[in-house]
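Trainee: Under my numbering, residues 103 to 1311 are what the sequence shown spells out, in order. We treat Cβ as the ideally placed atom computed from N, Cα and C, and that holds for glycine. Below you'll find the structure I mean.
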Amino acid sequence: MEAARTERPAGWPGAPLARTGLLLLSTWVLAGAEITWGAAGGPGLPAAPASWPPAVPPLPPRALASRWQEEQAMARREVALGRRPGPQPLSRPGGCEKLEIVWGTPAVPGKPGGARRSRRAQPPSALESGDAWATAPADGSRAGRTLDKGLREEGKAPRTGGTATEDLRLPSTSFALTGDSAHNQAMVHWSGHNSSVILILTKLYDFNLGSVTESSLWRSTDYGTTYEKLNDKVGLKTVLSYLYVNPTNKRKIMLLSDPELESSILISSDEGATYQKYRLTFYIQSLLFHPRQEDWVLAYSLDQKLYSSMDFGRRWQLMHERITPNRFYWSVAGLDKEADLVHMEVRTTDGYAHYLTCRIQECAETTRSGPFARSIDISSLVVQDEYIFIQVTAGGRASYYVSYRREAFAQIKLPKYSLPKDMHIISTDENQVFAAVQEWNQNDTYNLYISDTRGIYFTLAMENIKSSRGLLGNIIIELYEVAGIKGIFLANKKVDEQVKTYITYNKGRDWRLLQAPDVDLRGSPVHCLLPFCSLHLHLQISENPYSSGRISSKETAPGLVVATGNIGSELSYTDIGVFISSDGGNTWRQIFDEEYNVWFLDWGGALVALKHTPLPVRHLWVSFDEGHSWDKYGFTSLPLFVDGALVEAGVETQIMTVFGHFSLRSEWQLVKVDYKSIFSRRCTKEDYQTWHLLNQGEPCVMGERKIFKKRKPGAQCALGRDYSGTVVSEPCVCADWDFECDYGYERHGESQCVPAFWYNPASPSKDCSLGQSYLNSTGYRRIVSNNCTDGLREKYTAKAQMCPGKAPRGLHVVTTDGRLVAEQGHNATFIILMEEGDLQRTNIQLDFGDGIAVSYANFSPIEDGIKHVYKSAGIFQVTAYAENSLGSDTAVLFLHVVCPVEHVHLQVPFVAIRNKEVNVSAVVWPSQLGTLTYFWWFGNNTKPHITLESSISFTFPAEGSSTITVQVAAGNALIQDTKDIAVHEYFQSQLLSFSPNLDYHNPDIPEWRQDIGNVIKKALVKVTSVPEEQILVAVFPGLPTSAELFILPPKNLTERRKGNEEDLEEVVELLFNALNQNLVQFELKPGVQVVVYVTQLTLAPLVDSSAGHSSSAMLMLLSVVFVGLAVFLIYKFKRKIPWINIYAQVQHDKEQEMIGSVSQSENAPKITLSDFTEPEELLDKELDTRVIGGIATIANSESTKEIPNCTSV
C-alpha cells in the first residue's frame, strides 16, 4: 500500500536547482517552497502533515552517477524541464560572464479587436514585503542555443486574451555567485514569514565519482539583493551535500557534510548566520522533524537504523534497527497519548515486517508495543491524520486494514469483487479516505473509492482514472482536488481508449465533462458540442518546486484555477494552450495558446506568467483581471536562460527570485524581481465584489449556498497581510445529489440505490447483540462534509432497529499469519471468525487437537487471537465450536506442526452417485516438477488418505451433503482446499451457457462462481416454481463462462424411485422449456443483463446405480480391471514406498519439482522420494490423527511411520 500524496512536508529532502535543466532526484529540503512529491502519484492533493515521509526513498548524490551524465542532461533539457515526478536538481556547465543591467522597452501585442492604455509601473513602494509563496518556473537552456536566436524568440510575443500594451519595467537586482561557475547544482531556501533571509547552497557533483567534490554556502539578508559567502564559517575544507530547515522554527538550519569525506552535521539557530559542527557515528540518509517540538528529530541512516535526538541533532540515540525506508512517523497530536511516540515498520530476519510503536527515549524491547499482532507486508505502513493503514497478503490475495483514531484495526471493505491488485491512499482530509484501487482487470487505470468516516466501508466514485508511471517508477494518478472549495475534483478518465477530463462538485457522486470556452483567443466562436467535444486538462501539479506545474489553484484564491489543456474529443499532448476558470471550474477561458508557467500574486489578485521554453527570456507577463488582459514587463537587461524561479513564501507574494545564467559557461545569476511597485495602493471597500459558487446553475454545492469576496478585475491595489476572503454560506435543503450509495448498494438511474447481487442488506453487524439496537442502512449515506439540512435527510438516514437474535453462521478458524503450519515449541496463534451471529452471547470452544481445549463465554477475550504451543510434531485437527441459544456452528482446521504448506485448487464433481466411485483431483499452481504429498479427508473421517498422486477415488455410502478436504505438502509448504459434494441415488444434469457479456465481468475465482450459481438458481426457481432443494447450479472455472445445472430428486422420497424418476423428467422438461425461451435472466450490475440458456444435454441424461450397464460402462469396467492389474504388478515388483496407503501409486524414478502456490518462495526446501524411510523401518499398527508423540496418521492403517521431529524450518 502506498500513500499517493503529492506534496512533501517541510523538513523533508527538497530539490536542488540544476544548471542544465535536467531534473535529478536528490535529498535536499526546501522549507518555504511548495514541494510536491509522491511515489504513488495522485497529483493535486493537499499537503501531508509534517510527520509524513516521501513515498520514494531519497537517493544520495552518489547514486546518480549511473543514471545521468551531464551531457545527456543538456541534450534532454527541453523534455525534462518540470516533468520529473519528485524534487530534483538542475545541472549546468561552468563558465562566467559579467552582468550589467540595461532595461529595454519592446512593444507587446495583445488581443485583437481592442486596445487600451497600458498601466505603467509605479515607482518602488516604501512598503516592505510580507510572506510569500514558493513556486517556480522551469525555463532553461539547451546546449547549442545562441543568444541571437533567443533574442529573436523573445521578440515574438504570445497570443493572449489581453490588449496590446507597451513594455513596462519591474524593479529588479541581479547578483552573480562569483567563483561557483563550475558548480552544477544549487539549492535555495527562502524562509519568508517576515524574514528577508535567503540561503543558497551550490555544489559540484562529480558524476564519475558519484559524490560532491566542492560546495559553497551563500546567505542574503535583504531579500536576495546581495549575498555573502559563508564557506569560512562552516569550514573551508568542509564539503556540504544536504540542507534541512526546521518546519516549526525556520530559524533553525541543519547542514550535512558529504558522507564520502566525513560524517558530520552543522547546526544553526539564527537563520544560517553562525554554525556549530558535530561529528556523527553514522551516515544520515534522511531526517524527519517533529511537527510541534522544534528540537526533536528522527534520523534514518544508510544502514537502515533509526536514531532520535531531542536537542536538534547535538546528541543521538539509537531507537531500532532494520527499519523499512520511509516507514517511520511521528505521533499525531490529539490521537497518540505521548508526543514522543514513533510509529515504525520493522523488518524481521525471516523476511516479514511488523508494525511497532515506542517512545524515543524508551524504545527497549520490553517497552515496544505492536498494535497489530500479525506480520504485515513490507512497505505497507501508512500513518496519516486520523488513520493508520497496513496491508497483509495471504494465499496470494492482499487484505487491507485500517485503524481510525487509534482504535482496533478493522479490515477495509471494498465491494466484494473489486479484488485489488494495487491500492494507493490518495487523501485523508475531512475525515474521509480517498483510495485509488487497481482491480484485477485493469492495467493502466485505477478506480477511485471513497470511504465512510472510519475508513472501513468504501464505495465506487469513478472508474478507469488514467494512471502513468514516472521516470523513477512512481505511479501517478490523474486526479486533482481544487483548492479553496471543498468537494470539487477533476479527473482524467479513460473512455474507449480516449482520455477525457471530468469534474465533480459533490466528492465524486456526479461527474460531467468540462464545457469548452465559447470563443478562442482571437474572439472566434468555438464549435464544441458535448459530449462529443469538451475541454480536457493536464492534471499533473508541479513536483518541481521551481515551476508552477500544469494546473494550479490556491486556498487563498478560491475559485481560480489555471491549467494547461486542449479542446477536442480527447486529451492531447501536442496542441495545447493555457485555460483559466474564475468560478471553480464552471466556465473556462483560454489565456495562452502556448505553455506558460503561471503564479498567483497577492491572494490571487494578480497573475504572473513566464513562457515555458528552453530559449533565453527577459520578459514576463502580469494580469490584474484574471487573465482577460496582460501587461508585458522586463525583468532583466539581457536574455536569461532560466533554470527556475522561487516566489516569496507567504500569501502576500510580491517578490520573486529567478535563477539562471546568461550563457552555458557563465556563473549563476540570481535576479530579484520586486512586484510591490505595480500595486499602486491598498485596496478599499470599493475594490471588492462578490461571486456565487454554482454547479451548472445550481446554487447549492455540498449542501451550502456560498458567496465569496474577491478583488474586482482590473483593480490594481494590494490586499495586504490582514486580508480575509470572507465567505458567506447558508445550508440548503437536502436533495438527492447530497447523498451517495452506501456500502453494498449500486446506483440505478440518477438517484436510486439498490443492493448489489452479492450483498445482503438484512444482515446486521456481528457486534449487534440481542436486546441492543443497530442502524439499518436505507441504501444511502450523506456525503461526508456535506452540510445540507432537512429535506430528504430523514428519509435517507439509517434507521435504528432492534438486533435480531442470530445463530452462529460462517464460523472460521485461521492462524494469524494465514498459514497452516506451526513450528514445534513456538506459539501458534488462532483467530476465530464468524460471519453472522451474536458476538456477545455466543460461547466459543477451541480444541487444539492434542488433548487440550479452551472455552470462552463470548468473543471479547479472543479478538487478538488464541495462543497455543504444540509440544510434538504431527497433523492436528483444530476444531472451533460456537453455540448460542439459537444454534451452533463448527469449523475445522488441520494444522501441520513443523512442515509448512500453502495453496491448492480441488476439482470435485458437484454431484455424485451413492455407492459409486468418485474421481477427485488437486491442481497446484504454479505447476512445477517435484514430489508432493497429498492428504485427503472425506466427510467426518479424521484419518486422512495419503497419496503421492494428485487424484484419488472414493465411494460415498450414504446420500446427503459431504465435504472433501485436501492438503498438499511440499517441503516447508502446505496448502489446502475444501469442496462440498452432493450425494444422491440418481439425478439429471444440463450444461448451461450465458450471453457473452458475462465473460468480461468474470474474475474466475471460487466466490464469484458460487454467488453467480446462487443467482441463477434463484432465477430458475422464480420462473419455474421448482423447489429450491431440487436445483443445484455449478459454474465452471475458466472462460468462456459455463455452468452445469443439476436436477435432484426430492428429499426422503428415494424409496418410491420409479415414480420419482418420472416426476424428475417433468421437472427437467419444465426447466428446459424456460431456458429455451430465454426466460431465465439476471442483472449482474446496472446495465448488464445476462441471459442463461441450454448448451446441450450431458451424455447420460439419467444417472443412477441400478443394474443394466451400457456397453460404454462395460468398457469402462474392463479398463478399470486392466489398470488394477497394472497397479498390482507395479506394486509387486517395484520398491515399496512408505507413508502411503492402498490409494498411493509409485511415481517415476525421476524426482519432480515442488509444486507450490503462486506466492511460494523459490528457496523453500523440497521433499523427494529419497527422504522417505525404507519399508523395514515401518511400524505395523494403527495410529490416531491426534498424536502427541510425533506420530503421523496413516489412512486405513496400511502403513505407519513416525514423522521426523523437525524443530526448525
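Any idea which residues DSSP pairs G498 with across the strands?
Mentor: According to DSSP, which records beta bridges pairwise, G498 is partnered with nothing at all.
Trainee: Under 7 Å Cβ to Cβ from A959, same chain only, skipping five residues before and after it: list those, please.
Mentor: Result list for A959: N945, in chain order.
Trainee: Enumerate in chain order the residues of its own chain whose CB-to-CB distance from D991 is below 7 Å, with the five nearest sequence positions on each side excluded.
Mentor: If we look at D991 and ignore the five residues flanking it on each side, its Cβ neighbours are P910, R911, L913, A984.
Trainee: Sorted by chain position, which residues of the same chain lie with C-beta nearer than 8 Å to V1020's C-beta, five sequence neighbours on each side aside?
Mentor: Here the set comprises V1010, P1011, A1014, S1055, F1056, T1057, F1058, I1083.
Trainee: Quick one: what's got a C-beta closer than 6 Å to T1035's C-beta in the same chain, skipping five residues either side?
Mentor: Answer for T1035: A1071, listed in chain order.
Trainee: For the segment 969 to 977 and the segment 921 to 933, state whether three or more C-beta atom pairs, one from each stretch, are separated by less than 8 Å.
Mentor: Counting Cβ pairs under 8 Å, three or more are found: they touch.
Trainee: So within the segment 708 to 761, which uninterrupted beta strand (DSSP E) runs reach at least 3 residues, ignoring any that extend past its ends?
Mentor: Here the runs fully enclosed are 708 to 713, 721 to 725, 733 to 736, 743 to 749.
Trainee: Along the beta strand (DSSP E) that carries N576, what are the first and last residues, could you check?
Mentor: Per DSSP, N576 belongs to no beta strand (DSSP E) and is neither H nor E.
Trainee: In three-state DSSP terms, what is M103?
Mentor: Three-state result, M103: coil.
Trainee: Can you tell me where the alpha helix (DSSP H) with A1121 in it begins and where it stops?
Mentor: Segment 1108 to 1126, the alpha helix (DSSP H) holding A1121.
Trainee: Buried or exposed: which applies to S471, given that a residue is buried once 16 or more other Cβ atoms fall within 10 Å of its Cβ?
Mentor: S471 comes out exposed.
Trainee: Excluding the 5 residues flanking Y861 on each side, which residues of the same chain have their C-beta closer than 6 Å to its C-beta?
Mentor: G846, listed in sequence order.
Trainee: Where do the ends of the beta strand (DSSP E) carrying N878 lie?
Mentor: Unbroken beta strand (DSSP E) run through N878: 875 to 878.
Trainee: Rounded to whole angstroms, what's the CA-CA distance from G572 to I579? Just pull it up for me.
Mentor: Going from the Cα of G572 to the Cα of I579 covers about 10 Å.
Trainee: Measure the C-alpha to C-alpha separation of P647 and V1193 and round it to an integer number of angstroms.
Mentor: If I take the Cα positions, the gap works out to 56 Å.
Trainee: Report the option in D844, N1017, R424, R429 whose CA atom is closest to the CA atom of T450.
Mentor: The residue with the shortest Cα to Cα distance from T450 is R424.
Trainee: Is the distance from the Cβ of E938 to the Cβ of K908 below 8 Å?
Mentor: For E938 and K908, yes; Cβs fall inside 8 Å.
Trainee: Can you tell me which residues form a DSSP beta bridge with A820?
Mentor: Per DSSP, R784.
Trainee: Are the CB atoms of F737 and V760 nearer to each other than 8 Å?
Mentor: Yes; because the gap between Cβ atoms is below 8 Å, this pair is in contact.
Trainee: How many Å lie between D966 and P863 at the Cα?
Mentor: If I take the Cα positions, the gap works out to 28 Å.
Trainee: Of the residues G498, L641, I558, which one's Cα is nearest the Cα of N594?
Mentor: It is L641.
Trainee: Where does R424 sit, in a helix, a strand or coil, going by DSSP?
Mentor: DSSP places R424 in coil when its eight states are reduced to three.
Trainee: Taking the runs of the beta strand (DSSP E) that are 3 residues or longer, which of them lie wholly in the segment 1008 to 1058?
Mentor: The qualifying runs are 1013 to 1015, 1019 to 1025, 1035 to 1040, 1047 to 1049, 1053 to 1057.
Trainee: Return the residue from the list V856, D919, F1040, E1130 that minimises the CA-CA distance to G497.
Mentor: That would be D919, whose Cα lies nearest to the Cα of G497.
Trainee: Just to confirm the assignment: which complete beta strand (DSSP E) runs, minimum length 3, are found wholly within the segment 889 to 953?
Mentor: With a minimum length of 3 residues, the continuous beta strand (DSSP E) runs that stay inside the segment 889 to 953 are 901 to 904, 911 to 917, 929 to 938, 945 to 949.
Trainee: Just list the alpha helix (DSSP H) runs in the segment 468 to 522, keeping only unbroken ones of 4 residues or longer that don't cross its boundaries, in chain order.
Mentor: The segment 468 to 522 contains no whole alpha helix (DSSP H) run of 4 or more residues.
Trainee: If I measure Cβ to Cβ from K609 and keep anything under 6 Å in the same chain, skipping five residues before and after, which residues do I get?
Mentor: The residues are G589, I885.
Trainee: So, is I203 buried or exposed, given that buried needs 16 or more other C-beta atoms within 10 angstroms?
Mentor: With a pLDDT of 25 at I203, under the threshold of 50, the modelled position of that residue is not reliable, and no figure is offered here.
Trainee: When the Cα atoms are used, what is the spatial distance from S1052 to H1007?
Mentor: Cα to Cα, S1052 sits roughly 11 Å from H1007.
Trainee: Using the rule of at least 16 other Cβ atoms within 10 Å of the residue's Cβ for burial, across every protein chain shown, is L357 buried or exposed?
Mentor: Answer is buried; the Cβ neighbour count reaches 16.
Trainee: For N428, count neighbouring Cβ atoms within 10 angstroms of its own Cβ and tell me buried if that reaches 16, exposed if not.
Mentor: Looking at its Cβ environment, which holds 16 or more other Cβ atoms inside 10 Å, N428 is buried.
Trainee: Helix, strand or coil: how does DSSP classify L1173 here?
Mentor: L1173: helix per DSSP, three-state reduction.
Trainee: Q1069: buried (16+ other C-beta within 10 angstroms of its C-beta) or exposed?
Mentor: By the neighbour-count rule (16 or more Cβ atoms within 10 Å), Q1069 is buried.
Trainee: To the nearest angstrom, how far is the alpha carbon of E104 from that of D952?
Mentor: One C-alpha to the other measures close to 42 Å.
Trainee: Count the C-beta pairs between the segment 469 to 486 and the segment 405 to 414 that are closer than 8 Å, then say yes if the count reaches three, no if not.
Mentor: No, the segment 469 to 486 is not in contact with the segment 405 to 414.
Trainee: Report the CB separation of K812 from W793 in whole angstroms; it is logged as a contact under 8 Å.
Mentor: Rounded, the Cβ-Cβ distance is 6 Å, consistent with contact.
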